[in-house]
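Everything below concerns the one structure shown next.
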Ligand code: NDP
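Residue numbers (this note's numbering): 75 to 407.
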């Protein structure tokens, strides 16, 4: 399968081109950039045959059957709709769009056109999270009572652009990281948050957008979820904890792009380190996407998953802005 990249982005350069090329018979043949020189240079650096500044030209290429969209967030919707109309399969970055109703439109368009559409939520592909889910489902910690998510990091300097100064481009830590945490919690509990309360602030990096947020979510099962996302903490490390009636799973450094971290299981017998697989997260996601295009199974995170993670983030934003408890609205999906 030949791919077109929509966006000459950091994530494409650092993770996704390699993940695409790691799939048998898959290659990247064109990159779209709004800036001709950046596109040319990006194509040269990554040995991509050509670059273009025209979305129509990329989509008109009959050799390209799939696109990966990793532009700034406000561009995802129009680019995805155009790609879907051209009959391309779409792997789209999170958040799928700026508003839930826009994401619903994208997913419905893909369904109507009969193309595969997926959201690039990487964490559910991590060996650590696959192991945590297995532990939960096997009953090792009994009934789940609470989840705590620690995902406050220091935003690398090379990413301190639109994420910290442009609400119009979908900046802010809620759009950037809460979506991942919502997807990860949904993946583990297989249920969708009902309502949320939240507080945000702009501590040091955010210019007109929040760089820190803490929130509480209630789940249909009664499980309570506590999350902390941020761009300003240099030394906190990340973590994911699941507490149950028979035991607790305490995972450290697992809210990351790399296959690292540690999982400890604590129960009445004591504390035990749990081993897990350390495959590349993005390669696994790509593999499932390619299989889905061939008619085998579903992508790791579907379009519906992307709508739901965005819905939770949108509710967190509303709750933080208003000081009110906000019900999560999933756009009817
Ligand atoms: P970047 O800022 O690297 O790229 C976004 C856009 O910025 C590009 O499409 C490019 O525009 C433009 N751009 C890139 N470099 C420059 C530059 N030097 N000067 C001016 N403009 C530039 O964003 P990210 O790669 O961090 O994020 C892209 C998308 O991917 C976002 O939606 C984000 O949420 C998502 N993401 C997802 C991750 C995941 O793990 N799933 C991880 C990181 C990001 P053009 O294409 O027009 O050249």
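All C-beta atoms in this analysis are idealised placements derived from N, C-alpha and C, irrespective of residue type, glycine included. The structure displayed is predicted, hence computed values, not measured ones.
Secondary structure at residue 290: strand, using DSSP grouped into helix, strand and coil. With a beta-carbon spacing of about 6 Å, residue 180 and residue 155 fall inside the 8 Å limit used to define contacts. Checking the 8 Å criterion, the Cβ of residue 239 is out of range of every heavy atom belonging to the ligand NDP.
Boundaries for residue 192: no alpha helix (DSSP H) harbours it, while the beta strand (DSSP E) harbouring it runs 191–193, taken from the DSSP string. With a threshold of 16 other beta carbon atoms within 10 Å, residue 296 falls short and is exposed.
Its chain contains 281 as the residues whose beta carbon lies nearer than 6 Å to that of residue 239, once the 5 sequence neighbours on both sides are disregarded; these appear in chain order. The Cβ neighbour count for residue 186, taken over all protein chains shown within 10 Å, is under 16; the residue is labelled exposed. For residue 79, the enclosing beta strand (DSSP E) stretches over residues 76–80. With fewer than three CB-CB distances shorter than 8 Å, the stretch 159–175 does not count as touching the stretch 270–285. Taking residue 158 as reference, the option from 188, 333 and 328 with the minimal CA-CA separation is 188.
With contacts defined as CB atoms closer than 9 Å, residue 183 and residue 307 fail to qualify as a contacting pair. Per DSSP, the unbroken beta strand (DSSP E) holding residue 124 starts and ends at 124–126. As computed with DSSP, residue 172 is found in no beta bridge at all.
In this structure, residue 225 has its beta carbon at no less than 8 Å from each heavy atom of the ligand NDP. Judged by the Cβ position, residue 168 qualifies as a neighbour of the ligand NDP at the 8 Å threshold, a heavy atom of the ligand being closer than this. In the three-state DSSP reduction, residue 113 falls in the helix class (H, G or I).
Assignment of residue 283 by DSSP, reduced to helix, strand and coil, places it in the coil class. Assignment of residue 339 by DSSP, reduced to helix, strand and coil, places it in the strand class. With 16 or more other Cβ atoms inside 10 Å of its own Cβ, residue 393 counts as buried. Cβ neighbours of residue 153 within its own chain (closer than 6 Å, five residues either side excluded): 80 and 143. Using a C-beta cut-off of 8 Å, the stretch 251–265 makes no contact with the stretch 338–354, since fewer than three inter-stretch Cβ pairs fall below that distance. Scanning its chain for C-beta atoms nearer than 8 Å, with the 5 sequence neighbours on each side dropped, one finds around residue 178 the residues 381, 405, 406 and 407, in chain order. Placement of the Cβ of residue 327 at a distance of 8 Å or more from every heavy atom of the ligand NDP is found.
Its chain contains 160 as the residues whose beta carbon lies nearer than 8 Å to that of residue 134, once the 5 sequence neighbours on both sides are disregarded; these appear in chain order. In this structure, residue 243 keeps its C-beta atom at 9 Å or more from the C-beta atom of residue 303. By the beta-carbon neighbour count (other beta carbons within 10 angstroms, threshold 16), residue 165 is buried.
The DSSP assignment places 218–226 as complete runs of the beta strand (DSSP E) inside the stretch 200–269, in order along the chain (cut-off: 3 residues). Within the same chain, Cβ atoms closer than 7 Å to the Cβ of residue 265 are found at 293, 294 and 295, the five residues on either side in sequence being excluded. Rounded to the nearest angstrom, the gap between the Cα atoms of residue 94 and residue 248 is 28 Å.
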